[in-house]
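Q: Below is one structure. I have some questions about it.
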Amino acid sequence: MKLLRPVPLLIVLAGAAAFGLWRWQAGNQANQAAPASKPPALVSAQAIHLQSVPAELGTNGTITALKMVDIRAQVTTTVKEVLFKEGDDVRAGQVLFRLDDRNDRVNLDKAKAQAAKSRAALKDLERQLARAQELRAQQFIAQSALDSAQAQVDTQKEAVAADLAAVRNAEVALSYNEIRAPFAGRAGAVSVYPGSLVSASPTGPALVSVAQLDPITVAFTLPERELDAVLKARQQSAGVSVEVRKPDGSASMTGQLSFVDNQVDAATGSVKLKASFSNGGHAWWPGQFVDVRLKLRTLEGAAVIAQAATILQGNERSVLVVDAEGKAAKRKVEVLHVMGEQLAVKGLKEGELLILEGRQQVRPGQPVKVQGAGKEGGKEGGKPASEPMSRASASAAQGASR
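My numbering numbers the first residue of the sequence shown as 256 and each following residue consecutively.
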């Protein structure tokens, strides 16, 4: 029987080394297959607050007088009296200027004298007609003689009527020498003095301008895309409230939209509007530049967020919020109104945390850690909803609720 040879020591050692290497590699691969979990992403957030948000449109405007006229002479003559001071408040019908009316008075006297002469002649012809009628009844004159007398009376009646019209015309010409205020308002600078020659020229300098300051109007324009929203607001309520504010914020007043033009300016793509305001204290003056806000309606239960916090995909907008498990969650929102860099939206809940900074590195379902949470919606990433919106940038969002 053959005896087994002893295994060489070298082979045993090599096998042990190979087994150890295999165990080490397997353990290393297991460690790589189960890496350590990522830490939560750091983000900043704001707490959503649902509120009543006024849907407004903002632009710039100019104060204009409800009425303003340049007063000019209607006759060529010289100024006799100036009966007011520059800058005075004047009443409707108040005499402002008296002109030299001597020629017009003479013309009126001549017209009256001619009318009196014509009436006297008419009376004489009427007596002759009455005598002719008596003679004709007694067959002392021919019918043609009576007809001639009647024709003379009729002709003279027309002459009297013409002379009386001449009197009225002379009276009108005389009245032009007293220049009156057409309405109550504030007088401007006076350009003539007693002795100044004035003429009935539409292109000549005005004697004075008069502007009605109470009520007063504000003229402004809006892009044509806003026209539908303005017209709907006028139909749905008794009036559209308009607030104007001086650029430095030192004063404001509230009135009503009073005029929407009947056409869109094809060159600018805008429409003209006006609003009327009470100006009893004359604190506002024509020509002043002001900020204008139209209050179209109030959006109930809306959240005000920064546009930068939204994700636009096609025609849909969404945001990222922090859910109850501390993870990022996607919420679809509906834009109700655009207010400069802010949006009034629905689709969010009271108290939800809206992710602001850091959202670019976050995906839905990813754990997040909020820093600086607790700021109310409308005060983070933009101005509060109650503050004026950016001028000329406010526009109703596409698909806004009606």
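Idealized CB from N, CA, C, for every residue including glycine.
Using only the alpha-carbon positions, how far apart do Asp520 and Asp546 sit?
A: For the purposes of this step, residue 520 is taken as residue 265 along the sequence shown, with counting starting at 1. For the purposes of this step, residue 546 is taken as residue 291 along the sequence shown, with counting starting at 1. Approximately 21 angstroms, taken between the alpha carbons.
Q: Give the single residue among Pro478, Glu311, Asn570, Leu609 whose Cα lies nearest to the Cα of Val593.
A: Within the sequence shown, residue 593 is the residue found at index 338, counting from 1. The candidate whose alpha carbon is nearest that of Val593 is Glu311.
Q: Give the single residue among Leu567, Glu607, Ala522 whose Cα lies nearest to the Cα of Glu589.
A: Mapped onto the sequence shown, residue 589 falls at position 334. For Glu589, the nearest C-alpha among the options comes from Leu567.
Q: For Pro457, does the count of other Cβ atoms within 10 angstroms reach 16, so buried, or fall short, so exposed?
A: The residue given as residue 457 occupies position 202 in the sequence shown. The residue in question, Pro457, is exposed, as its Cβ has fewer than 16 Cβ neighbours within 10 Å.
Q: Please state whether the Cβ-Cβ distance between Ser299 and Val625 is less than 9 angstroms.
A: Indexing the sequence shown from 1 puts residue 299 at position 44. Indexing the sequence shown from 1 puts residue 625 at position 370. Cβ atoms of Ser299 and Val625: closer than 9 angstroms.
Q: Would you kindly work out how many angstroms separate the C-alpha atoms of Leu591 and Leu598, rounded to a whole number?
A: Residue 591 sits at position 336 when you count from the first residue of the sequence shown. Residue 598 sits at position 343 when you count from the first residue of the sequence shown. Rounded to whole angstroms, Leu591 to Leu598 spans 7 angstroms at the Cα level.
Q: Is it buried or exposed for Asn432, if we count other Cβ within 10 angstroms and need 16 for buried?
A: Along the sequence shown, read from residue 1 onward, the residue named residue 432 stands at position 177. By the 10 Å Cβ count, Asn432 comes out buried.
Q: For Gln411, is the classification buried or exposed, using 16 other Cβ atoms within 10 angstroms of its Cβ as the cut-off for buried?
A: Your numbering for residue 411 matches position 156 in the sequence shown. When all chains shown are included, Gln411 counts as buried.
Q: From this set, Lys587, Gly581, Lys582, Ala579, which residue's C-alpha is nearest Glu571's C-alpha?
A: Looking up residue 571 in the sequence shown gives position 316. Closest by alpha carbon: Lys587.
Q: Note down the Cα distance separating Ala397 from Ala425, rounded to an integer number of angstroms.
A: If you number the sequence shown from 1, residue 397 lands on position 142. If you number the sequence shown from 1, residue 425 lands on position 170. Those two C-alpha atoms are separated by around 43 angstroms.
Q: Here's the rule I'm using: 16 or more other beta-carbon atoms within 10 Å means buried, otherwise exposed. How should Trp540 be labelled?
A: As a working mapping, residue 540 is identified with position 285 in the sequence shown. Label assigned to Trp540: exposed.
Q: Does the beta-carbon of Glu580 have 16 or more other beta-carbons within 10 angstroms, so that it is buried, or is it exposed?
A: On the sequence shown, residue 580 is found 325 positions in, with the first residue counted as 1. Exposed, by the Cβ-count rule.
Q: Which of the three DSSP states, helix, strand or coil, is assigned to Ala455?
A: Taking the sequence shown and counting its residues from 1, the one referred to as residue 455 is at position 200. In this structure, Ala455 counts as coil in the three-state DSSP scheme.
Q: Does the structure place the region 464–473 close enough to the region 428–444 that three or more beta carbon pairs sit under 8 angstroms?
A: Yes, the region 428–444 is in contact with the region 464–473.
Q: Unbroken beta strand (DSSP E) runs of length 3 or more, entirely within the region 475–539: which are they?
A: The region 475–539 contains these whole beta strand (DSSP E) runs: 496–500, 507–515, 525–532.
Q: Let me know the beta strand (DSSP E) ranges lying completely inside the region 340–368, each 3 residues or longer, listed in chain order.
A: Within the region 340–368, the complete beta strand (DSSP E) runs of at least 3 residues are 350–354.
Q: Between Gln621 and the rest of its own chain, which residues show a CB-CB distance below 7 angstroms, the 5 nearest in sequence each way excluded?
A: Here the question's residue 621 lines up with position 366 in the sequence shown. Counting only Cβ-Cβ distances below 7 angstroms, and skipping sequence neighbours, we find Ala296, Lys582, Ala583.
Q: Grab me the residues of Ala652's own chain with a C-beta within less than 8 angstroms of its C-beta, minus the 5 sequence neighbours each way, in chain order.
A: The residue given as residue 652 occupies position 397 in the sequence shown. Residue confidence is low: Ala652 scores 38 on pLDDT, short of 50, so the model does not pin down where it sits. Its coordinate-derived value is still stated next. Counting only Cβ-Cβ distances below 8 angstroms, and skipping sequence neighbours, we find Val590, Leu591, His592, Val593, Leu598.
Q: What whole-angstrom Cβ distance do Phe532 and Gly510 have, given they're in contact under 8 angstroms?
A: Along the sequence shown, one-based indexing puts residue 532 at 277. Along the sequence shown, one-based indexing puts residue 510 at 255. Confirmed, about 4 angstroms.
Q: Excluding sequence positions up to five away, which residues of its chain have a Cβ less than 6 angstroms from the Cβ of Val350?
A: Walking along the sequence shown from the start, residue 350 turns up at place 95. Cβ within range, chain order: Leu338, Glu433, Arg435.
Q: Using CA coordinates, which residue listed in Gly595, Gln490, Ala375 is at the minimum distance from Ala414?
A: What you label residue 414 is simply residue 159 of the sequence shown in a count that begins at 1. Closest by alpha carbon: Ala375.
Q: Got a sec, what are the start and stop residues for the alpha helix (DSSP H) Asn570 sits in?
A: The count along the sequence shown starts at 1 and reaches residue 570 at position 315. Careful: Asn570 lies outside any alpha helix (DSSP H) and carries neither H nor E.
Q: Is it right to say Thr472 is buried, meaning 16 or more other beta carbons lie within 10 angstroms of its own, or is it exposed?
A: Taking the first residue of the sequence shown as position 1, residue 472 is located at position 217. Thr472 is buried by the Cβ-count criterion.
Q: Based on Cα-Cα distance, which residue from Gln301, Ala370, Glu341 lies nearest to Val463?
A: The residue labelled residue 463 in the question sits at position 208 within the sequence shown. The shortest C-alpha separation from Val463 is found at Glu341.
Q: Could you tell me whether the region 446–461 touches the region 313–332, where touching means 3 or more Cβ pairs closer than 8 angstroms?
A: The region 446–461, when compared against the region 313–332, does touch it at the 8 angstroms Cβ threshold.
Q: Please report the distance separating the alpha-carbon of Ala420 from that of Asp359.
A: The count along the sequence shown starts at 1 and reaches residue 420 at position 165. The count along the sequence shown starts at 1 and reaches residue 359 at position 104. C-alpha separation (whole angstroms): 15 angstroms.
Q: Gln490 to Asn534, Cα distance in whole Å?
A: What you label residue 490 is simply residue 235 of the sequence shown in a count that begins at 1. What you label residue 534 is simply residue 279 of the sequence shown in a count that begins at 1. Going by the C-alpha atoms only, they are around 27 angstroms apart.
Q: Kindly indicate the opening and closing residues of the beta strand (DSSP E) around Asp402.
A: By one-based count along the sequence shown, residue 402 stands at place 147. Note, Asp402: premise wrong, no beta strand (DSSP E); alpha helix (DSSP H) at 398–430.
Q: Please report how far the alpha carbon of Arg346 lies from the alpha carbon of Lys529, in whole angstroms.
A: Numbered from its first residue, the sequence shown carries residue 346 at position 91. Numbered from its first residue, the sequence shown carries residue 529 at position 274. Going from the Cα of Arg346 to the Cα of Lys529 covers about 25 angstroms.
Q: Quick one: give me the first and last residue of the beta strand (DSSP E) that His304 is part of.
A: Within the sequence shown, residue 304 is the residue found at index 49, counting from 1. From DSSP, His304 is part of no beta strand (DSSP E); its letter is neither H nor E.
Q: Comparing C-alpha positions only, which one of Ala428, Ala417, Ser507 sits nearest to Val361?
A: Translated into positions along the sequence shown, residue 361 becomes position 106. The shortest Cα separation from Val361 among Ala428, Ala417, Ser507 belongs to Ala428.
Q: In the DSSP assignment, find the unbroken beta strand (DSSP E) run with Phe544 in it and report its ends.
A: Here residue 544 corresponds to residue number 289 of the sequence shown, with the count starting at 1. Start and end: 544–561.
Q: Going by other Cβ atoms of all chains shown within 10 Å of its Cβ, with 16 needed for buried, is Ser507 buried or exposed?
A: Looking up residue 507 in the sequence shown gives position 252. Counting Cβ neighbours within 10 Å, Ser507 comes out exposed, since fewer than 16 surround it.
Q: Distance, Cα to Cα, Pro294 vs Leu611?
A: On the sequence shown, residue 294 is found 39 positions in, with the first residue counted as 1. On the sequence shown, residue 611 is found 356 positions in, with the first residue counted as 1. Distance between the alpha carbons of Pro294 and Leu611 is about 19 angstroms.
Q: Could you check how far apart the C-beta atoms of Leu305 and Ala557 are, in whole angstroms? I think they sit under 8 angstroms.
A: Your numbering for residue 305 matches position 50 in the sequence shown. Your numbering for residue 557 matches position 302 in the sequence shown. About 7 angstroms separates the two Cβ atoms, so the contact holds.
Q: Please go through the same chain and pick out, in chain order, the residues whose beta-carbon is closer than 7 angstroms to the beta-carbon of Gly494, but skip the five residues on each side of it.
A: Taking the first residue of the sequence shown as position 1, residue 494 is located at position 239. Once the five neighbours on either side are set aside, the close Cβ partners of Gly494 are Gln511, Leu512.
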